[in-house]
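Residue numbering for the sequence shown is 90 to 719, as defined by the numbering used here. Backbone N, C-alpha and C define an ideal beta-carbon position, used for all residues, glycine too. As the structure is a prediction and not an experimental result, all values here were calculated from the model. Report on one structure; see the data block that follows.
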Amino acid sequence: MGRAHARLSPDGAGAGAYPYAVLQPGNRIALQSRGGTLGEISRADAACTALAGALGPPLGILEPVMSAALSVDQTLRKAKSLAKKGASGEAEALLRSLLERFPDNKRAIETLQSIAAPQVSKRRTPEQMKADTQALAALYKQGRHTDVVAQGPRLVAQYPRNAVLHNIVGASLTALEQYAAAAESFREAARLEPESAEHWDNLGQALNALGRVDEAAESLKKAVALKPNFANALSNLGYALTQSNRSGEALAFLERAVAVKPDHPEALNNLAIARYDLGQKDEALANYEKALAARPHYADCWRNYAALKRFTANDPALAKLERVLAAATGAEDRMALSLALAKAYDDIGETDKAFEKFTRGNMLARQRFADPMREHREIFATLRSIFQDGAPEPVTTPAATKRPIFVVGMPRSGTSLVEQILASHHDVHGAGEMQAMRVAMAPAAAERRADRQALEGVRKRYLDAIDALDVKEPVIVDKMPQNFRWIGYIAAALPEATIIHTRRDPVAVGWSIYRTFFPAKGLEFTFDLGDIADYYRLYEDLMAFWSERLPGRIVDLDYEALTENQETETRRLLEQCGLPWDEACLSPHETKRAVRTASAAQVREKIYTGSSQAWRRYEKHLGPLIEALG
């Protein structure tokens, strides 16, 4: 998903029309009116969650919340007390301060609305509603998103059935990267005007930004049903389906989007991603090139294109990329373009230049986060506390119709290759990086429970998710690498599951992570070599914790051994998974299936040795990483 752009649709002016916020593909935001549109506005000041990888879901569900909850409760009580005493202004100020800290807190939003509503001394006239709506739209056009969000609750309370207001507030919340609150605003607009394709498209994009791609797809399908040639919604739907490992289904919608609007940059970019997932590399490159022809400074597309393309020293694309980066001003653009140029320099052997650009791009990505490791430290500590007393008694109800195999480990440790080998077996379906286990265990982990009732809930939710895949193969591979965090729940809730833990040279893992862009929430540690080393140590400690409490339950697989002794290790892998021998597992590169990971290119090549030594070209730059992991 691209960066956040804000512009008005250029179709024409409708001076008296109410503006509708329409999130364009790539998260461009427009205010569109039914009777026309209002003209151009400036670029928004925030970036949306990027696409790529499908790695690492939101992790906040496990963050310790007791002190925060107490703070929220105290603030809400104080605000209500002030309002009762007639000090509504102070109460509103207090609640807005709270929402700056917890922007998605529903109770705070509802309390602010309830306090703001009584301040209306009389019912506003239609003329006043129109004026108030246009005033809020003007703030949005000026890029004053914080002001829009501050004033929005009062106006929504005054005019609760005005869908336009909900859209404006949602658009500003999106610009501020407050996607959960934005989704609620867009959802209310869609509830008020369910016949509006734009509302459903807006909601779908907000859900895409949250990583809730299955919900997004449902919303976007409604938009497309209402407006079959809605190129933006078709593109966004294709994106949602691609991110949920349904690239084949996505292809049809993305091709429709491009048929409707051949020069639609985001649709072309999304189409390229889907085609690459499906192994159509040449077609993907052509689509990226068309997208860049339509928008030469499309930074996210440059990054995607560079990851796929093999540059040469005199490549015209390399010179063009250097010019685009030199002209770029926004931090998000410079981040994406620096990483793209780093890959290009790496291709031509300019390792010093490449490392400088990798460092620059990752620094720009890292500066968005105060402490990427804080949440991980808390999550790992929480998991250890839940299972500190040992492994709980496994549960076997409800009965399973499919048998899962979990492939876990650090990102870039070989999980994609192992899944591809297993998915080549006639009895196995490779499901990719599923969110299902995180979703299944979240309620239990949030309450710090691992009792029988909680585990049966985990089991049911996960089995329902893999049943919903609706595939004929009896064995399902879930290769979300970071499922290693949930091994305690996996072992207890799914005793029939096999857990394969891939291991690889730690410096090779660290360097591969650093040079690969991971946009997903929960992977913010990947932008700094020190953070990567810290995370690796947390991972090693947690895996030692699981191994101690679950002896014999985890199957370790060495990536280097697999590449050097392919048949021996493959036979051992299948045996450990309870699968009969299948010769196809020795030729995983010939297996035709969608692959949605950063390793998609590698798994379509014959297995080769030496990849774990690639970091040595950069050894002089990696001293701190080598020392930290040594």
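Strand pairing of residue i, partner residues [DSSP]
i: V566; result: I494, G519
i: L281; result: DSSP, once it has assigned bridges, lists no residue as partnering L281.
i: D645; result: H590
Residues of its chain near residue i, where Cβ-Cβ distance is below 7 Å and the 5 sequence neighbours each way are ignored
i: R449; result: S427
i: V347; result: H353, A356, L357, L360
i: E199; result: none
i: A415; result: none
i: A420; result: L453
i: A286; result: A312, L315, K316, F319, A322
i: A135; result: Any answer about A135 is weak, because its pLDDT of 28 lies below 50 and its placement is not dependable; what the coordinates show is given next. If we look at A135 and ignore the five residues flanking it on each side, its Cβ neighbours are A93, A264, L265, E266.
i: T490; result: D556
i: V238; result: V258, S261, L262, L265
Span of the alpha helix (DSSP H) around residue i
i: I579; result: 576-582
i: M33; result: One cannot answer for residue 33 here, as it falls past the ends of the chain, which runs 90 to 719.
i: I475; result: 463-475
i: P215; result: 215-230
i: D553; result: 541-556
i: V484; result: Here V484 belongs to no alpha helix (DSSP H), and DSSP marks it neither H nor E.
i: G385; result: The question names Gly, yet the displayed sequence has Pro at residue 385. Here P385 belongs to no alpha helix (DSSP H), and DSSP marks it neither H nor E.
i: Y603; result: 595-603
i: Q369; result: Here Q369 belongs to no alpha helix (DSSP H), and DSSP marks it neither H nor E.
i: N451; result: 440-455
i: L662; result: 655-665
i: V528; result: 525-535
i: I437; result: That residue, I437, is in no alpha helix (DSSP H); it is neither H nor E in DSSP.
i: K409; result: 405-416
i: Q509; result: 504-512
i: P713; result: 712-718
C-beta atoms of residue i and residue j nearer than 7 Å
i: Y365; j: A375; result: no
i: L309; j: A322; result: yes
i: A363; j: S336; result: yes
i: G498; j: T591; result: yes
i: F476; j: G577; result: yes
i: P493; j: K549; result: no
i: A180; j: A168; result: yes
i: L453; j: L430; result: no
i: P481; j: A543; result: no
i: L184; j: L171; result: no
i: E562; j: D516; result: yes
i: S701; j: E649; result: yes
i: V547; j: M530; result: yes
i: N572; j: F495; result: yes
i: L330; j: A306; result: yes
i: Q294; j: N325; result: yes
i: A272; j: L296; result: yes
i: V302; j: S274; result: no
i: D478; j: A425; result: no
i: A55; j: R642; result: Residue 55 lies beyond the range of the chain shown here (90 to 719); nothing can be said about it.
i: N451; j: F616; result: yes
Beta-carbon contacts of residue i that lie in its chain and below 6 Å, excluding the five residues immediately before and after
i: A252; result: A278, L281, E282
i: A717; result: A622
i: S210; result: Note that S210 has pLDDT 42, beneath the 50 cutoff, so the model's placement of it is unreliable and the number below is only indicative. The answer is none, since no qualifying residue turns up.
i: Q163; result: none
i: W575; result: M526, M530
i: E658; result: A650, L651
i: T587; result: I494, C666
i: M523; result: D567, M569
i: L187; result: T164, A197
i: K442; result: Y434
Sequence-distant residues of the same chain with beta carbon closer than 8 Å to residue i, five excluded per side
i: F614; result: P461, M462, H465, D620, I621, D623, Y624
i: A512; result: H518, G519, V566, P677, T680, R682
i: D630; result: F469
i: L148; result: Confidence in L148 is poor, its pLDDT being 39 and thus under 50, which makes the residue's placement too unreliable to answer from.
i: Q240; result: L225, L228
i: M155; result: Note that M155 scores a pLDDT of 38, beneath 50, so its modelled location is shaky and nothing firm can be said.
Any chance you could list the alpha helix (DSSP H) runs of at least 4 consecutive residues sitting entirely within the stretch 329-361, in chain order?
Counting only runs of 4 or more, we get 336-349.
Please give the ranges of any alpha helix (DSSP H) in the stretch 246-322, keeping only runs that are unbroken, at least 4 residues long and fully inside the region.
Whole alpha helix (DSSP H) segments, 4+ residues: 252-264, 268-281, 286-299, 302-315.
At what residue ranges does the stretch 156-197 contain a whole run of the beta strand (DSSP E), taking only runs of 3 or more?
Entirely contained in the stretch 156-197, not one beta strand (DSSP E) run reaches 3 residues.
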